[in-house]
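Colleague: Note that the numbering used here has the sequence shown beginning at 1, numbered continuously upward. By construction, the Cβ of each residue, glycine as well, lies at the ideal position given by its N, Cα and C atoms. Fair warning: this is a prediction, and the values are worked out from it, not measured in the lab. Would you mind keeping the following structure in view while I ask a few things?
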Amino acid sequence: MIRAKSDSTPFIYGTGWDGGEAEVERPMEGVFQGLILGMKLRGTTLEALGEHWVHTSFLILGGLSFLLAGGIFLTYRNVSKEMALARLKSDFVSNVSHELRTPLALIRLYAETLELGRLTGPSKHQEYYSIIRKESERLTALINNILDFSRIEAGRKEYDFRETDMCELVRNTLESYRYQIEQNGFTFEEKIAEVPPLNVDREAMARSLVNLVNNALKYSQDRKHIRVNLYREDGTVKLEVVDQGIGIPANEQHRIFEKLGARWGRRGRKHSGRRKQVHYHVAFGLATKQRQSSIRLNSAEGVAMGRSAVIEFQTRTSRVGESDMARILIGEDEPNMVAGLRDNFEFEGYQVITAPDGVAGLERALSESPDLVILDVMMPRMSGLDVCKQLKSKRPSIPIIMLTARGQEIDKVVGLELGADDYVTKPFSIRELLARVNAVLRRSRIVPKEHEHVSFGDVEVNLRSCQVSRGGKSLDFSSKEFELLKYFLCHQGETLSRDRLLEEVWGYDRFPTTRTVDAHIVHLRQKIEPKPDEPRFILTVHGTGYKFVS
Numbered sequence: 001m002i003r004a005k006s007d008s009t010p011f012i013y014g015t016g017w018d019g020g021e022a023e024v025e026r027p028m029e030g031v032f033q034g035l036i037l038g039m040k041l042r043g044t045t046l047e048a049l050g051e052h053w054v055h056t057s058f059l060i061l062g063g064l065s066f067l068l069a070g071g072i073f074l075t076y077r078n079v080s081k082e083m084a085l086a087r088l089k090s091d092f093v094s095n096v097s098h099e100l101r102t103p104l105a106l107i108r109l110y111a112e113t114l115e116l117g118r119l120t121g122p123s124k125h126q127e128y129y130s131i132i133r134k135e136s137e138r139l140t141a142l143i144n145n146i147l148d149f150s151r152i153e154a155g156r157k158e159y160d161f162r163e164t165d166m167c168e169l170v171r172n173t174l175e176s177y178r179y180q181i182e183q184n185g186f187t188f189e190e191k192i193a194e195v196p197p198l199n200v201d202r203e204a205m206a207r208s209l210v211n212l213v214n215n216a217l218k219y220s221q222d223r224k225h226i227r228v229n230l231y232r233e234d235g236t237v238k239l240e241v242v243d244q245g246i247g248i249p250a251n252e253q254h255r256i257f258e259k260l261g262a263r264w265g266r267r268g269r270k271h272s273g274r275r276k277q278v279h280y281h282v283a284f285g286l287a288t289k290q291r292q293s294s295i296r297l298n299s300a301e302g303v304a305m306g307r308s309a310v311i312e313f314q315t316r317t318s319r320v321g322e323s324d325m326a327r328i329l330i331g332e333d334e335p336n337m338v339a340g341l342r343d344n345f346e347f348e349g350y351q352v353i354t355a356p357d358g359v360a361g362l363e364r365a366l367s368e369s370p371d372l373v374i375l376d377v378m379m380p381r382m383s384g385l386d387v388c389k390q391l392k393s394k395r396p397s398i399p400i401i402m403l404t405a406r407g408q409e410i411d412k413v414v415g416l417e418l419g420a421d422d423y424v425t426k427p428f429s430i431r432e433l434l435a436r437v438n439a440v441l442r443r444s445r446i447v448p449k450e451h452e453h454v455s456f457g458d459v460e461v462n463l464r465s466c467q468v469s470r471g472g473k474s475l476d477f478s479s480k481e482f483e484l485l486k487y488f489l490c491h492q493g494e495t496l497s498r499d500r501l502l503e504e505v506w507g508y509d510r511f512p513t514t515r516t517v518d519a520h521i522v523h524l525r526q527k528i529e530p531k532p533d534e535p536r537f538i539l540t541v542h543g544t545g546y547k548f549v550s
């Protein structure tokens, strides 16, 4: 627009001029005296536009500042957490190092004392032997704890559920730890009632109990008393460990399951990741197959702390007992090993016969038909593997346990595939070997005499002579195929998991893969099913295992 210098009203303006004052004005003195040229933007003003940009800039700067502050805070918090975790890991390693060095030092001390001949009498020797054994068991338990801890953190921990006599398990576990309890000046009380067998992981269960007791030893200061209760209540079995140590407030009890959880108590004592490790085992080791279990922690800071582990259970069929005076053949060329095994087996009530080499072992096994054969692999004249292969081809009903120093995976696989019922590597625990002997004998005698002959469809099975025929024609079965069929026949209608079949039929709880079961099932179906692709007898239970129906 154009206006006179003395008048604010324009006398010439464009079609878009909407009145008001011009934002920018310039005098036109060089061309038209007394006139002023004015301009402004349509719909807004430069001042308003400038204010808008200033406001927007402040908002952007404020947002960026907030994000920067948040990033600094998160970085600081994460760095602090990582530093705290690093400190806890360092403390954990230090604690573990101390825990490992203590039993090692004791074992070395007592062993050197025995070697130097500084003891006065047989009773003192026996005491030293007992202490060395207990400390070696303690060291083994610590190493197993560390290995289990790493497996749990990596998500690779596996559990082996089987029917377990809880009374016996708790008594044996506490007895092995009694020396440690007494050495720390604790009074100990146990109340173990009769409870039915439970389907649990024996190793994890025992370690959970030991870890809880070990926690009580570490965190009880003035009132040194531990009580262990095993009892039934309202259809459940409860294993309870009660101590008088430092308590945990209710609002922090959930942290016992955290990764390397720690806190500072009122007394200024740090609760390290060892406490978490204990409850980690309780949380997972006590679970049954159906996961019908729970854990209850009753505790308060500054007062006595008690913990109760509650297991929901369903009883299974009772065990098949071993008959008295079972005869065991030991094929071993090391005289001291034979003597030690003989003493332990005879103490358990077994009859023992021996063979110093493979040929003698095979001859005695065929002529005397023992209830069980224990074979070393590296024997003179004939290896234990060859003895196993020939014996299984002639007497498939005789169970065999390989007891050898050859512990590579391929050695175990070959031994089990040749027909061995179990595979134990040296060095070994005599209690574990005895338990495996009992389990193999129990499996070999699972069939009553009145059920020796079983038929389904056109298949006839003689469970005593280990013969199978179909349509009157004899079928060729390997020893493991027959044992698998026998186990199915003895558990008709039950859903059997692959892990259970591996444990009960192969008798080896660390077999490389459950695909072995699937392969044997395929072979069985090809031999006994009218249409292997549409099985009538051995059915697949998806996600679980197999079921035999006749």
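1. Can you list, in chain order, the residues of its chain with a C-beta nearer than 6 Å to that of L489? Leave out the 5 residues immediately preceding and following it.
2. When the Cα atoms are used, what is the spatial distance from M28 to G71?
3. Per DSSP, which residues does M402 bridge with? Please list them.
4. Can I226 and V213 be called in contact, C-beta distance under 8 Å?
5. Are L362 and V338 close, meaning C-beta to C-beta below 8 Å?
6. Under the three-state reduction of DSSP, which class applies to G331: helix, strand or coil?
7. Per DSSP, what kind of secondary structure is F347 in: helix, strand or coil?
8. Comparing C-alpha positions only, which one of R232, L100, A216 and G14 sits nearest to I143?
9. Among the residues of its own chain, which have a CB less than 7 Å from the CB of R381, if the five just before and after it don't count?
10. With a threshold of 16 other CB atoms inside 10 Å of the CB of M402, please say whether the residue is buried or exposed.
11. On the three-pair Cβ rule with 8 Å, is the region 417–432 touching the region 389–402?
12. Nearest to D243 by CA position, among L230, Q180, E233 and S220, is which residue?
13. Whose C-beta lies closer than 6 Å to the C-beta of H52 among residues of the same chain, with five residues either side of it excluded?
14. With a 10 Å radius around its C-beta and 16 neighbouring C-beta atoms as the bar for buried, classify P370 as buried or exposed.
15. Rounded to whole angstroms, how far is the Cβ of E135 from the Cβ of I107, which I believe are closer than 8 Å?
16. Confirm, please, whether the CB-CB distance from V437 to L578 is below 8 Å.
17. Please go through the same chain and pick out, in chain order, the residues whose beta-carbon is closer than 6 Å to the beta-carbon of T223, but skip the five residues on each side of it.
18. Straight-line CA distance for E115 to R178?
19. Please identify the residue among T140, V200 and G16 whose C-alpha is closest to the C-alpha of E163.
20. With V549 as the anchor, note down where its beta strand (DSSP E) starts and where it stops.
21. In whole angstroms, what is the alpha-carbon distance linking P512 and E409?
22. Buried or exposed: where does K5 fall if 16 or more other Cβ atoms within 10 Å of its Cβ makes it buried?
23. Evaluate V24 with the Cβ neighbour count: other Cβ atoms within 10 Å of its Cβ, from every protein chain shown; 16 or more gives buried, anything less gives exposed.
24. So what does I2 bridge to, in DSSP terms?
25. Who are the near neighbours of Y128 in its chain, counting only those whose CB is closer than 6 Å to its CB and skipping five residues on each side?
26. Starting from D499, trace the alpha helix (DSSP H) both ways and give me its first and last residue.
27. Is it buried or exposed for Y76, if we count other Cβ within 10 angstroms and need 16 for buried?
28. Ignore the nearest five residues each way along the sequence and tell me which others in L49's own chain have a CB closer than 8 Å to its CB.
29. Less than 8 Å between the CB atoms is what I'm expecting for L475 and K527, so what's the real figure, rounded?
30. Which residue wins for smallest C-alpha separation from Y350, given the options R327, R515 and G471?
31. To test your reading of the DSSP string, which unbroken alpha helix (DSSP H) runs of 4 or more residues are found completely within the region 180–245?
32. Ordered along the chain, which non-local residues of its own chain (more than five positions away) have a Cβ less than 7 Å from that of A22?
33. Between which two residues does the beta strand (DSSP E) holding R26 run?
34. Just mark D499 as buried or exposed, buried being the case when its beta carbon has 16 or more other beta carbons within 10 Å.
35. Taking 7 Å as the cut-off, does the CB of L385 come closer than this to any heavy atom belonging to the ligand GTP?
36. Count the other CB atoms, across all protein chains shown, that sit within 10 Å of the CB of N215; report buried if there are 16 or more and exposed otherwise.
Modeller: Taking the geometry as given:
1. V454
2. 58 Å
3. L375 and Y423
4. yes
5. no
6. strand
7. helix
8. L100
9. D357, G358 and V359
10. buried
11. yes
12. S220
13. none
14. buried
15. 5 Å
16. Within the shown structure, residues of the chain are numbered from 1 to 550, placing residue 578 beyond reach of any answer.
17. In the sequence under discussion, the amino acid at residue 223 is Arg, which differs from the Thr named in the question. Taken in chain order, the residues that qualify are Q244.
18. 26 Å
19. V200
20. No beta strand (DSSP E) contains V549, which DSSP labels as neither H nor E.
21. The predicted model places P512 with a pLDDT of 49, which falls under 50 and marks its position as unreliable, so this point remains unresolved.
22. exposed
23. exposed
24. I12 and L37
25. Y110 and L114
26. R498 to L501
27. exposed
28. L41
29. 5 Å
30. R327
31. 202–219
32. M1, G38, M39 and K40
33. V24 to P27
34. buried
35. In terms of ligand content, the structure shown is empty, and the ligand GTP therefore cannot be addressed.
36. buried
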